[in-house]
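Here is the structure we will look at, set down as C-alpha cells.
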Amino acid sequence: MRVHRVLPLSDITRRRSAKVLWWRYALNALLVCVDALCYAAVMILVLYFRNEQIGPYSTRFEFRMNWLLYACMCSIIWVLCAHACGVYHRHVVGDASHVVAMLLKASLICTICVFAFNYVFGFDYSIYSVIYVQVFTFVALVIERQVIRVILTANRKKRRFSYPTVIVGSPRGILEALHFMAQRAQLSYLPVAVYPIAEGEHGHCEPVYVADSSAFAAKIKSICGYSLPIIGETEDIAEAIVKLGGQTVMITDLPQRFSDEFNAFVIELETASLEVVLMTSPGDVSGHSIRMRSIQGTSLMTVTLPQYTPVMKFGKRVFDIVVSTGAIIVSSIVTIPVAVAIKMTDGGPVFYRQTRIGVNGKPFEMVKFRSMIVDADKYKKDLAEKTGQEGRFIFKMKNDPRITPVGKFIRKYSIDEIPQFLNVLKGDMSVVGPRPPLPEEYERYTPLYATRMLVKPGITGPWQISGRSDLSEAESEALDVTYVQGWSIFGDFLIMLRTVGAVIKHKGAY
C-alpha cells in the first residue's frame, strides 16, 4: 500500500466524526466541574476555620469581595492552570503517575496565579491561607483521580470508555503492543483490528503477508481474549479503519519514521481525523528527553539524557544524602531488633555482603541484612539447575529453602534492604535507580541494556515497584532503560511513594 493522497478526505472525515465518542467530553466536563467544586469547597473550609470568611478587602480599589465569589474566582483560576498543564487531556486520567505529576505542577502554577490575583486587587488574605488551600486541594484531587481511575479501569476491563484502536506494524510489533495493552487495563486504548505492514523501499509502508495467518490470529486471541480482524491489502487504509470504527491508530515498530512516504502515510490518517500514536521501544531515540527546533522547514531534535548535567548530579546526590540519613535514623527502631533476631537464629553474621556492579561497571560491596543460611551462595547453582533457571537473567525462586524464618519476614517487607542506605551515603548507590546487578548478570547485558550502568544502582526503582521477581527479562530491561532515559527528581519522588505501596502488597518479594 503506497500513499498517493494527502488531500482532505471529506467523506471519510464526516463518517469518522459521526462516530465520535461523546463520553470523553462528558468525562472532561465532569472532571472540570468536580475539580472546581473541590477547590471552592476546600477554600471555603480553610477560610472558615481561619476565621477569614468575611471576604477579602481590596486595599487597592477599596471594596470587599464576597468570600463565596472569591472562592469561585480562585476555582476558575485552578481549572485554567490545570488545563494549561494537560490535566484534562483525554489519555491522562488513567495514568496514576502522570496525573499526580500534572496535578502537582498545576497546583504550583495556581499558587503563583492566586498570589498574583491577590496582589493585583490588593486583597488582604493571609499567605498561609492560600498555601493551605493549594496543599489540601492537591491531596483531595489526587484521591478523587484515584477513585475515578479505579472506576475507569474496571469499566475498561469490560471494554467500555476506551478508544477503539487499530494496531499497525510488523506482526511481532503488533503482538508486543497487544501484550503491553493487555497488562495495563488502565490505558484508554481498545484494540479493534490489526494491520500488519513492513517498510519497503524508500520508506514505503507495504502490507505484509502473514505466512500462517491462523496462528497469528490465535496468538492475538490468546493475548486479547477475543478475535481481531486482520486488515489486508487495501487501497485506502484510512477508510478501512473508519469502517471498523477506529478512533486511534497505534504504529509500533517502523524504524524509518522520518521518510517522506511514512509522513504521507501519517498525514492521510490524520486528515481522516484519526489520532496517530507512535509506540516507542526503550532503544528508540524518542524515549530520550528531546527538544525540537524548526529552521526553515527542517526540524532539528536535540537528544539528551537528563541525569548527566552537573546540576542534576548534584541535586540527586543531595537528595540521596538527605533521604538516606533520615531513613537510617527512623528505621533504627526496626533494624536493631532485626539484627538481634538474625544473630539469635543461627549465630551467623548479621549482614550479608555481596559484590555488585555499580555506575560505569565499577564493582562495589553491597550490604544487606542476611536473610539466608550461612554460605547460601554455594547452593545457588544446584538450585538453578533443579528449577531450570540456569540461563535466567535473575535467579529467584519461591519458597527458596536457603531462606531462614527471620529472612522470610524481612524479605516480605523489604527490611533486608535497609542497610543499603549505608551504600548510598558512601556513594556506591542511590536511593532510586536500577537494580544493582551481579557480575555474571552484567556480563550478559546487551549494548542497549548496558546503558542502565550509566547511573548509580538504587535501593528502589522501577523494577521494585512493578512486580520485582514476577517480571520477565524483557519487562525488567525496558523499565530500567526507560528510567535512565526519562529520569527526573520528581520521578524519583513518585517511585519512593509507590515503593510504600509495593512494600505493603509485597508483590514479587521472595
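The sequence shown begins at 1 in UniProt numbering and counts up by one.
Positions of the beta carbon are idealized from the N, C-alpha and C atoms, including for glycine.
Remember, it's a predicted structure, so these values are computed and weren't measured experimentally.
Do you know how far the Cα of residue j is from the Cα of residue i?
{"i": "Y483", "j": "M312", "result": "15 Å"}
{"i": "S97", "j": "Q354", "result": "33 Å"}
{"i": "C110", "j": "S214", "result": "55 Å"}
{"i": "D382", "j": "M372", "result": "16 Å"}
{"i": "W463", "j": "F117", "result": "44 Å"}
{"i": "G361", "j": "D480", "result": "15 Å"}
{"i": "L7", "j": "F136", "result": "Note on L7: pLDDT 43, under 50, position unreliable in the model; the coordinate value appears next. If you take the alpha carbons of L7 and F136, they lie about 51 Å apart."}
{"i": "I321", "j": "I197", "result": "51 Å"}
{"i": "R149", "j": "R24", "result": "14 Å"}
{"i": "V266", "j": "V168", "result": "11 Å"}
{"i": "R64", "j": "C72", "result": "15 Å"}
{"i": "V3", "j": "T248", "result": "The predicted model places V3 with a pLDDT of 44, which falls under 50 and marks its position as unreliable, so this point remains unresolved."}
{"i": "A272", "j": "G245", "result": "12 Å"}
{"i": "A185", "j": "V431", "result": "30 Å"}
{"i": "E268", "j": "L47", "result": "54 Å"}
{"i": "C81", "j": "L103", "result": "10 Å"}
{"i": "I459", "j": "V330", "result": "16 Å"}
{"i": "G433", "j": "I410", "result": "21 Å"}
{"i": "P56", "j": "W67", "result": "7 Å"}
{"i": "K219", "j": "D377", "result": "40 Å"}
{"i": "F493", "j": "K105", "result": "14 Å"}
{"i": "P405", "j": "S188", "result": "44 Å"}
{"i": "R402", "j": "T345", "result": "13 Å"}
{"i": "S107", "j": "M43", "result": "14 Å"}
{"i": "P171", "j": "T252", "result": "10 Å"}
{"i": "D416", "j": "Y449", "result": "27 Å"}
{"i": "residue 540", "j": "V350", "result": "Not covered by the structure: residue 540. The range shown for the chain is 1 to 510."}
{"i": "S75", "j": "I127", "result": "17 Å"}
{"i": "G486", "j": "V242", "result": "35 Å"}
What is the DSSP secondary structure of residue i, reduced to helix, strand or coil?
{"i": "K381", "result": "helix"}
{"i": "Q354", "result": "strand"}
{"i": "V6", "result": "Note that V6 has pLDDT 44, beneath the 50 cutoff, so the model's placement of it is unreliable and no number is given."}
{"i": "L187", "result": "coil"}
{"i": "M102", "result": "helix"}
{"i": "Y119", "result": "helix"}
{"i": "V374", "result": "coil"}
{"i": "R64", "result": "strand"}
{"i": "E275", "result": "strand"}
{"i": "G86", "result": "coil"}
{"i": "S430", "result": "strand"}
{"i": "residue 598", "result": "Any property of residue 598 remains undetermined from this structure, which presents the chain solely from 1 to 510."}
{"i": "P401", "result": "coil"}
{"i": "M1", "result": "Reliability fails at M1, whose pLDDT of 43 lies under 50, so the model's placement of it is uncertain and no value is given."}
{"i": "I231", "result": "coil"}
{"i": "K362", "result": "coil"}
{"i": "G347", "result": "coil"}
{"i": "G501", "result": "helix"}
{"i": "residue 511", "result": "Nothing in the structure corresponds to residue 511, since the chain is present only between 1 and 510."}
{"i": "K368", "result": "strand"}
{"i": "V455", "result": "coil"}
{"i": "I251", "result": "strand"}
{"i": "T460", "result": "strand"}
{"i": "G225", "result": "coil"}
{"i": "R411", "result": "helix"}
{"i": "T325", "result": "helix"}
{"i": "L479", "result": "helix"}
{"i": "Y125", "result": "coil"}
{"i": "E268", "result": "helix"}
{"i": "S286", "result": "Note on S286: pLDDT 49, under 50, position unreliable in the model; no value is reported."}
Could you give the C-beta distance for residue i and residue j, rounded to a whole number, given that I count them as a contact under 8 Å?
{"i": "Q420", "j": "M366", "result": "6 Å"}
{"i": "I174", "j": "V194", "result": "5 Å"}
{"i": "A177", "j": "M279", "result": "6 Å"}
{"i": "L190", "j": "Y226", "result": "Actually they are not in contact, since the Cβ atoms of L190 and Y226 sit about 10 Å apart, beyond 8 Å."}
{"i": "I59", "j": "G122", "result": "The question names Ile, yet the displayed sequence has Thr at residue 59. Rounded, the Cβ-Cβ distance is 4 Å, consistent with contact."}
{"i": "C113", "j": "I77", "result": "5 Å"}
{"i": "Y352", "j": "F369", "result": "7 Å"}
{"i": "G348", "j": "V374", "result": "4 Å"}
{"i": "I489", "j": "K316", "result": "7 Å"}
{"i": "residue 521", "j": "R356", "result": "Outside the displayed range of the chain (1 to 510) lies residue 521, so it cannot be described from this structure."}
Does residue i have its Cβ less than 9 Å from a Cβ in chain B?
{"i": "L103", "result": "Protein chain content of the structure displayed is limited to a single chain, and chain B is not contained in it."}
contact_flag[the region 30–38, the region 131–150] where n(CB pairs < 8 Å) is 3 or more: yes
Give the list of continuous alpha helix (DSSP H) stretches no shorter than 4 residues that lie fully inside the region 15–59. 23–49
If we count Cβ pairs, one from each stretch, closer than 8 Å, do we get three or more for the region 49–63 versus the region 78–92? no
Would you call the region 441–455 in contact with the region 332–343, where contact means no fewer than 3 C-beta pairs closer than 8 Å? no
Runs of 4 residues minimum, wholly inside the region 137–185: which ones carry the alpha helix (DSSP H) assignment? 171–182
Would the region 313–329 and the region 421–431 be scored as touching if the rule is three or more Cβ pairs under 8 Å? yes
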